[in-house]
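S.K.: Going down the list, the sequences are from chains X and E. End of the first sequence = 222 in the numbering used here, gap-free, step of one. End of the second sequence = 1222 in the numbering used here, gap-free, step of one. Where is the CB? At the ideal position from N, CA and C, for every residue including glycine. Predicted, not measured: the structure shown is a model, and the values here were computed from it. Below you'll find the structure I mean.
2 protein chains.
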Amino acid sequence: MVKKSLCVLSGGLDSTTATAMSINDGYDIIALHFSYNQLTQQRESEAFDNIVEYLKIENVYKIDLGFFNLIGSTALIDKSIKVPTGGLTDGVPATYVPFRNGIFLSIAAAIAEKEGASKIVLGAVEEDSSGYPDCRSNFISSMQQSINLGTKDSTKITLHTPLIDLNKAQIVQQALQIDAPLHLTWSCYQNSSTACGVCDSCRLRLRGFEIAGVKDLIPYSK
Amino acid sequence: MVKKSLCVLSGGLDSTTATAMSINDGYDIIALHFSYNQLTQQRESEAFDNIVEYLKIENVYKIDLGFFNLIGSTALIDKSIKVPTGGLTDGVPATYVPFRNGIFLSIAAAIAEKEGASKIVLGAVEEDSSGYPDCRSNFISSMQQSINLGTKDSTKITLHTPLIDLNKAQIVQQALQIDAPLHLTWSCYQNSSTACGVCDSCRLRLRGFEIAGVKDLIPYSK
C-alpha cells in the first residue's frame, strides 16, 4: 500500500522543502493550502499552484479561512498593524497569528483522517524562526497526541516536522540537495510584486541563502 | 477585572446548558457559533440567535467553516450518507465529523487569546454521548495542553467541559435549575421544521427528558 503524506504547503521556502523531502521519502502527497485573509494571500496561492504543478502533485486542497479577519491581532492580516522591517528582535513579533498552526493542524488532521494519510508534514522551524509559540517542538508533540486522542482509534497520525531543528542555511542546503523548486517560493510578509527584502521573513531567508553560499533566484525590490 | 468565558454554542441542549452555567458562575460571555455546511446549519443558526438574545449575550462570533464540505465523510454533511434513525448502536456512528471538536477548539483558542478570555466552555458529553472520539475527556485534557503550548506564554486558557460526566437526564435537570432556555434549543440531526424524534440526537434528548420526568417543549414530528 502506498503511504500517504498530507503536506501543509504555504508556498514558502520551508513548507516547499518539507514537501519535496516527503516526495523524496516515497510518499504519495496530498497538498493542503490555506488562505486566511493574509496580506499576501494571492501571491502565496500563486506560489502554491506553481509548486504543486512543478512537483506533479494532483491531490490538492485549497481551503479558505476567511474568518481569520475576525481574529486579526496580527500584522499579517490587520492593515493597521505595520509589518516590522527594522530587523529581527526577541519575543513574539507583531506578525504572530493567534494559534495559527493549531488551526492548520486540526484541519489537516480531519483531512488526513478522511484520506487515510499516516503523516502530516509541517515546515515549522523552531531554532531560527520568528519566535512563534506554535512552531515549538513541545507544541507539535502535544498536538500529535491531541489529534490521535480526538480521532477514531483506528486513525494513527504522525506529525512530521523535518526542519524543526534546522536553521535557514541548513534548510536551503537541504532544499538544493533534493532539487526543491525554491525559485517558485514566496516568503515575504508584504503584499508586493517582488519580495521586500527587509521584513523578518525576507531577512531570515536572505541570511540563510548567504550563509549557505548560494544565490536566491527570486526578485527582490531592495 | 471581569473574567471572560468563551462559550462554543451550537444552539443544542448541551451547549446551551453549559453557556447558562457559565453566566451563572459570573463570567462575561463571548458566544461562538460555527456553521460547517451541516444539514441543519440554518436551523442551528436560528437557535443560536434566539438563545444569545434570550441570554443577553452581546459579544458574538458566527464563523462559517464552509470547507467542511471538502472533508465530508459524515451523515451530518454528506447527503449521500443517511442519518441513522434505527436506534443507538455501539461504536463511532455515521454522524461522526472528523476531528470537529479539535477544529472548533483551535479556532476558539485563537479568539480566546485575542479576547483575553481565560476559559473556553464546551458542552461535550462523554458518558451518554454518541461515541465521538473528540468528546472524550482525555482528548479535552490533551487539547488544553496543546493550546497553552501553542499560544503566547502569557496566555493561560482552561478548557471547561462542565457536562462531560453527566448523562442527558442530569443535563436536563441542571438546565432547569438555572433556567437555561431549553425551549429555544435545536438538537435534531435532520433538516426539517420540527425535530424528527428518531435520530440518535433526538433519542438521547427525549430519553433525557423522560428520565428527568419533565416535558420537552420543542415540537416533534413523531
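(1) I'd like the span of the beta strand (DSSP E) that includes residue 8 of chain X, first residue to last.
(2) Would you mind sorting residue 1042 of chain E into buried or exposed? The rule is 16 or more other CB atoms within 10 Å of its CB.
(3) Measure the C-alpha to C-alpha separation of residue 170 of chain X and residue 1168 of chain E and round it to an integer number of angstroms.
(4) Specify the secondary structure class of residue 168 of chain X as computed by DSSP and reduced to three states.
(5) Using 9 Å as the limit for Cβ to Cβ distance, is residue 1010 of chain E near chain X?
(6) Among E:1199, E:1182, E:1188, which one has its Cα closest to the Cα of residue 1055 of chain E?
(7) Taking the continuous beta strand (DSSP E) assigned at residue 1120 of chain E, which residues delimit it?
(8) Beta-carbon within less than 7 Å of residue 118 of chain X's beta-carbon, same chain only, minus the 5 sequence neighbours each way: which residues are those?
(9) Smallest Cα separation from residue 1135 of chain E: which of E:1184, E:1214, E:1154, E:1104?
(10) Go to residue 1101 of chain E, then tell me how far its alpha helix (DSSP H) extends in each direction, as first and last residue.
(11) Between residue 151 of chain X and residue 1102 of chain E, is the Cβ-Cβ spacing less than 9 Å?
(12) Tell me, to the nearest whole angstrom, how far the beta carbon of residue 1199 of chain E is from that of residue 1083 of chain E; I am working on the premise that it is less than 8 Å.
(13) Tell me residue 28 of chain X's beta-bridge partners as DSSP assigns them.
(14) Quick one: Cα of residue 1100 of chain E to Cα of residue 88 of chain X, how far?
(15) Is residue 1003 of chain E close to chain X, meaning its C-beta is less than 9 Å from at least one C-beta of that chain?
(16) I'd like the list of long-range same chain contacts for residue 1057 of chain E, defined as Cβ closer than 6 Å, with 5 residues on each side in sequence excluded.
(17) May I ask whether a heavy atom of the ligand FAD can be found less than 8 Å away from the beta carbon of residue 1044 of chain E?
(18) Spatial neighbours of residue 1178 of chain E within its chain, please: C-beta separation below 7 Å, excluding the five flanking residues on both sides.
(19) Do you know how far the Cα of residue 1209 of chain E is from the Cα of residue 74 of chain X?
(20) Indicate the three-state DSSP secondary structure (helix, strand or coil) for residue 19 of chain X in the structure shown.
(21) Using C-beta distances below 6 Å, list every residue in its chain close to residue 1065 of chain E, excluding the 5 sequence neighbours before and after it, in chain order.
(22) Could you check the C-alpha separation between residue 141 of chain X and residue 154 of chain X for me, to the nearest Å?
(23) Buried or exposed, going by whether 16 or more other CB atoms sit within 10 Å of the CB of residue 1204 of chain E?
(24) Roughly how many whole angstroms lie between the Cα atoms of residue 38 of chain X and residue 1216 of chain E?
M.R.: Taking the coordinates as given:
(1) Taking the first residue of the first sequence as 1, we reach residue 8 of chain X at position 8. Counting along the chain, the beta strand (DSSP E) containing residue 8 of chain X begins and ends at 4 to 8.
(2) As a working mapping, residue 1042 of chain E is identified with position 42 in the second sequence. Exposed: under 16 other Cβ atoms inside 10 Å.
(3) Here residue 170 of chain X refers to the residue found at position 170 when the first sequence is read from its first residue. Here residue 1168 of chain E refers to the residue found at position 168 when the second sequence is read from its first residue. Taking the straight line joining both Cα atoms gives about 55 Å.
(4) Translated into the one-based positions of the first sequence, residue 168 of chain X becomes position 168. If DSSP states are grouped into helix, strand and coil, residue 168 of chain X belongs with the helices.
(5) Taking the first residue of the second sequence as position 1, residue 1010 of chain E is located at position 10. False, the Cβ-Cβ gap to chain X never drops below 9 Å.
(6) The residue given as residue 1055 of chain E occupies position 55 in the second sequence. Nearest option by C-alpha distance: E:1182.
(7) If you number the second sequence from 1, residue 1120 of chain E lands on position 120. Note, residue 1120 of chain E: beta strand (DSSP E), 1119 to 1121.
(8) Counting from one through the first sequence, the residue named residue 118 of chain X turns up at place 118. Take residue 118 of chain X, set aside five residues on each side of it, and the residues of its chain with a beta-carbon closer than 7 Å to its own are 3, 4, 156, 157, 158, in chain order.
(9) Working through the second sequence from its first residue, we reach residue 1135 of chain E at position 135. The shortest C-alpha separation from residue 1135 of chain E is found at E:1104.
(10) Taking the first residue of the second sequence as 1, we reach residue 1101 of chain E at position 101. Unbroken alpha helix (DSSP H) run through residue 1101 of chain E: 1100 to 1115.
(11) Reading the first sequence from its first residue, position 151 is the one you call residue 151 of chain X. Reading the second sequence from its first residue, position 102 is the one you call residue 1102 of chain E. For residue 151 of chain X and residue 1102 of chain E, yes; Cβs fall inside 9 Å.
(12) Sequence index remark: in the second sequence, residue 1199 of chain E carries index 199 (1-based). Sequence index remark: in the second sequence, residue 1083 of chain E carries index 83 (1-based). The beta-carbon separation of residue 1199 of chain E and residue 1083 of chain E, rounded to 5 Å, stays under the 8 Å limit for a contact.
(13) On the first sequence, position 28 is the one that residue 28 of chain X refers to. Looking at the DSSP assignment, residue 28 of chain X forms a beta bridge with X:4.
(14) Position 100 of the second sequence, counted from the first residue, corresponds to residue 1100 of chain E. Position 88 of the first sequence, counted from the first residue, corresponds to residue 88 of chain X. Rounded to whole angstroms, residue 1100 of chain E and residue 88 of chain X show a C-alpha spacing of 37 Å.
(15) Translated into positions along the second sequence, residue 1003 of chain E becomes position 3. Chain X contact via Cβ: absent.
(16) Here residue 1057 of chain E is taken as the residue at index 57 of the second sequence, counted from 1. Closer than 6 Å at Cβ, skipping near neighbours: 1029, 1031.
(17) This structure does not include the ligand FAD; it has no bound ligands of any sort.
(18) Residue numbering aside, residue 1178 of chain E sits at position 178 when the second sequence is read from its first letter. Cβ neighbours of residue 1178 of chain E within its own chain (closer than 7 Å, five residues either side excluded): 1020, 1021, 1024.
(19) Residue mapping note: residue 74 of chain X aligns to position 74 of the first sequence, counting from 1. Residue mapping note: residue 1209 of chain E aligns to position 209 of the second sequence, counting from 1. Taking the straight line joining both Cα atoms gives about 46 Å.
(20) Translated into positions along the first sequence, residue 19 of chain X becomes position 19. Residue 19 of chain X falls in the helix class under three-state DSSP.
(21) For this step, residue 1065 of chain E is matched to residue 65 along the second sequence. Taken in chain order, the residues that qualify are 1034, 1036.
(22) Within the first sequence, residue 141 of chain X is the residue found at index 141, counting from 1. Within the first sequence, residue 154 of chain X is the residue found at index 154, counting from 1. Their backbone Cα atoms lie some 19 Å apart in a straight line.
(23) Locating residue 1204 of chain E in the second sequence gives position 204, counting from the first residue. Buried, by the Cβ-count rule.
(24) As a working mapping, residue 38 of chain X is identified with position 38 in the first sequence. As a working mapping, residue 1216 of chain E is identified with position 216 in the second sequence. Those two C-alpha atoms are separated by around 46 Å.
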